[in-house]
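Trainee:
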Amino acid sequence: MKRLIATVFILLLYSFSFAAMKAPDFELKDEDGKVVKLSDLKNDIVVLNFWATTCHSCRKELPDLEKLYQQYKGKVKFYGIVIDTDDPKKIKNVKKEIGFSFPVLIGNYQVNEKYRIIGTPITYVIGKDNTIVKIFIGPQPVEKIKEAIDKQVNQGA
Numbered sequence: 010m011k012r013l014i015a016t017v018f019i020l021l022l023y024s025f026s027f028a029a030m031k032a033p034d035f036e037l038k039d040e041d042g043k044v045v046k047l048s049d050l051k052n053d054i055v056v057l058n059f060w061a062t063t064c065h066s067c068r069k070e071l072p073d074l075e076k077l078y079q080q081y082k083g084k085v086k087f088y089g090i091v092i093d094t095d096d097p098k099k100i101k102n103v104k105k106e107i108g109f110s111f112p113v114l115i116g117n118y119q120v121n122e123k124y125r126i127i128g129t130p131i132t133y134v135i136g137k138d139n140t141i142v143k144i145f146i147g148p149q150p151v152e153k154i155k156e157a158i159d160k161q162v163n164q165g166a
């Protein structure tokens, strides 16, 4: 029980230490080889989901994120950042198998370090001012992520 409490405490500290900070910039290729820079997405609300092809929780969460992606098309940019493969063919096959269509960026060690990726899934909601507004560690009910997105979308309304 003490271990569980300590783990929860550490995860809470982790999430609070990043909230309201500027999102670290990155430059990653998507599964088609196109370069995406976070700095090019300023003035956009961005959702980043760090995931792995072998992560069972990720496979359950990604279809829910797809629903949000479809709902917020044109208002919010969604990117999955895969951390366990750089094979575009494998990424496309897994996307088809799981059932999601939002763009996937091929992660690297530097981005994992900048975003303190200690496991998957981890989802970041980034505001139009490039500030991290919410971090979700582990699989989350889609309603929680939607609530964080709605808050950002409604600020710009």
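Under this note's numbering, the residues of the sequence shown are numbered 10 to 166, in order. Glycine included, C-beta positions come from ideal geometry on N, C-alpha and C.
Classify isoleucine 127 as buried or exposed, calling it buried when 16 or more other Cβ atoms lie within 10 Å of its own Cβ.
Mentor: For this step, residue 127 is matched to residue 118 along the sequence shown. Isoleucine 127 is exposed by the Cβ-count criterion.
Trainee: Please go through the same chain and pick out, in chain order, the residues whose beta-carbon is closer than 6 Å to the beta-carbon of lysine 123, but skip the five residues on each side of it.
Mentor: Residue 123 sits at position 114 when you count from the first residue of the sequence shown. Here the set comprises Pro33.
Trainee: Spell out a yes or no on whether the region 37-54 and the region 128-139 are touching, meaning 3 or more CB-CB pairs, one atom from each, closer than 8 Å.
Mentor: The region 37-54, when compared against the region 128-139, does touch it at the 8 Å Cβ threshold.
Trainee: What residues match up with valine 45 in a beta bridge as DSSP calls it?
Mentor: Numbered from its first residue, the sequence shown carries residue 45 at position 36. Its beta-bridge partners are Leu37.
Trainee: May I ask which residues mark the beginning and end of the beta strand (DSSP E) holding isoleucine 92?
Mentor: Taking the first residue of the sequence shown as 1, we reach residue 92 at position 83. Taken as a continuous stretch (DSSP letters only), isoleucine 92 belongs to no beta strand (DSSP E), as it is neither H nor E.
Trainee: If you count every other CB in all the chains shown that lies within 10 Å of the CB of alanine 61, and 16 or more means buried, which is it?
Mentor: Counting from one through the sequence shown, the residue named residue 61 turns up at place 52. Its Cβ being crowded by 16 or more others within 10 Å, alanine 61 is buried.
Trainee: Please report the Cβ distance between asparagine 58 and isoleucine 90, rounded to the nearest whole angstrom; I am assuming they are in contact, meaning their Cβ atoms lie under 8 Å.
Mentor: Within the sequence shown, numbered from 1, the residue matching residue 58 stands at position 49. Within the sequence shown, numbered from 1, the residue matching residue 90 stands at position 81. Right, the Cβ-Cβ distance comes to about 7 Å (below 8 Å), so this counts as a contact.
Trainee: Taking DSSP's pairing of strands, which residues face phenylalanine 145 in a bridge?
Mentor: Indexing the sequence shown from 1 puts residue 145 at position 136. According to DSSP, which records beta bridges pairwise, phenylalanine 145 is partnered with Thr132.
Trainee: Report, in whole angstroms, the separation of the C-beta atoms of proline 97 and glutamate 36, which I expect to be a contact under 8 Å.
Mentor: The residue labelled residue 97 in the question sits at position 88 within the sequence shown. The residue labelled residue 36 in the question sits at position 27 within the sequence shown. So it is not a contact: roughly 17 Å between Cβ atoms.
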